[in-house]
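Peer 1:
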Amino acid sequence: MSNDNKVIAVFSPVGGIGVSTMAVNLAYLLARKTESAIMDLVLDFGTVSEFLNFAPKYRIDQIPADAVATASPLLTELSLPRREALKVFAAPEVMAQHFDLQTLIKNCRRTFKYTVIDLPHTLMVPEVETALAEADFILLIGLYGLGNNRSDC
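For any residue, its number in our numbering is found by taking its place in the sequence shown, counting from 1, and adding 61.
(1) Going straight from the alpha carbon of T164 to that of D65, what length do you get?
(2) Report the option in E96, G107 and A84 whose CA atom is closest to the CA atom of L136.
(3) Indicate the three-state DSSP secondary structure (helix, strand or coil) for L200 in the structure shown.
(4) Have a look at T82 and V71 and give me their C-alpha separation to the nearest angstrom.
(5) Leaving out the 5 sequence neighbours to the left and right, which residues in its chain are closer than 6 Å to A84 when beta-carbon positions are compared?
(6) With distances taken from CA atoms, which of A98, L201 and E138 is nearest V68?
(7) Which of the three DSSP states is assigned to D105 in this structure?
(8) How big is the Cα-Cα spacing for S63 and I78?
(9) What separation, rounded to the nearest whole angstrom, lies between the Cα atoms of R93 and Y175?
(10) Please report how far the alpha carbon of V149 lies from the alpha carbon of L184, in whole angstroms.
(11) Kindly list the residues whose CB is nearer than 7 Å to the CB of P74, restricted to its own chain and excluding five residues on each side of it in sequence; keep chain order.
Right under this line is the structure:
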């Protein structure tokens, strides 16, 4: 609940290079130490719950933003079995209706020592802009290759 709680956004403009894998592993390891959360904001094709082999009862668009701030019993439904310190905010099964992401992130910051956010591979989604603005750290994952460093000028 202290103000040293952190939100970490994991982003890459390129898909298929392990961004979700990195986000899941980071959140899982942080939960070994303290209460943590992972949010899957890949709203059209989120895979965080599948990576964790977790069948959520509720998805991110079904959770009232104030449920996190009030320590609602709903939070126990978001716990990963065998790793209760990790709460999973899974992507919706269908494209999400509007939900109050900014309040949800702020409430997660108040509640969890770490909140890791898995982001889609585009900046053209309003949720990405909100998450990046709220993040304390942005883990930018890129692809290194000699072709990327070439200058054809």
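Think of the CB as a built atom: it goes at the ideal place given N, C-alpha and C, for glycine as much as any other residue.
Peer 2: According to the structure data:
(1) Locating residue 164 in the sequence shown gives position 103, counting from the first residue. Locating residue 65 in the sequence shown gives position 4, counting from the first residue. When rounded, the distance between both Cα atoms is 18 Å.
(2) Along the sequence shown, one-based indexing puts residue 136 at 75. Closest option to L136, Cα to Cα, is E96.
(3) Start at 1 with the first residue of the sequence shown, and residue 200 comes out as number 139. Three-state DSSP puts L200 in a strand.
(4) Taking the first residue of the sequence shown as position 1, residue 82 is located at position 21. Taking the first residue of the sequence shown as position 1, residue 71 is located at position 10. The straight-line gap from Cα to Cα measures roughly 10 Å.
(5) Taking the first residue of the sequence shown as 1, we reach residue 84 at position 23. Counting only Cβ-Cβ distances below 6 Å, and skipping sequence neighbours, we find V71, V177 and D179.
(6) Locating residue 68 in the sequence shown gives position 7, counting from the first residue. Of A98, L201 and E138, the residue nearest in Cα terms is A98.
(7) As a position in the sequence shown, residue 105 is number 44, starting the count at 1. In the structure shown, D105 sits in coil (DSSP, three-state: anything other than H, G, I, E or B).
(8) Position 2 of the sequence shown, counted from the start, is the residue given in the question as residue 63. Position 17 of the sequence shown, counted from the start, is the residue given in the question as residue 78. Its pLDDT being 49, under 50, S63 is placed unreliably by the model, and the measurement read from it follows with that caveat. Those two C-alpha atoms are separated by around 34 Å.
(9) Your numbering for residue 93 matches position 32 in the sequence shown. Your numbering for residue 175 matches position 114 in the sequence shown. Roughly 11 Å between the two C-alpha positions.
(10) One-based indexing of the sequence shown puts residue 149 at position 88. One-based indexing of the sequence shown puts residue 184 at position 123. Whole-angstrom Cα-Cα distance: 23 Å.
(11) Here residue 74 is taken as the residue at index 13 of the sequence shown, counted from 1. Answer for P74: H182, listed in chain order.
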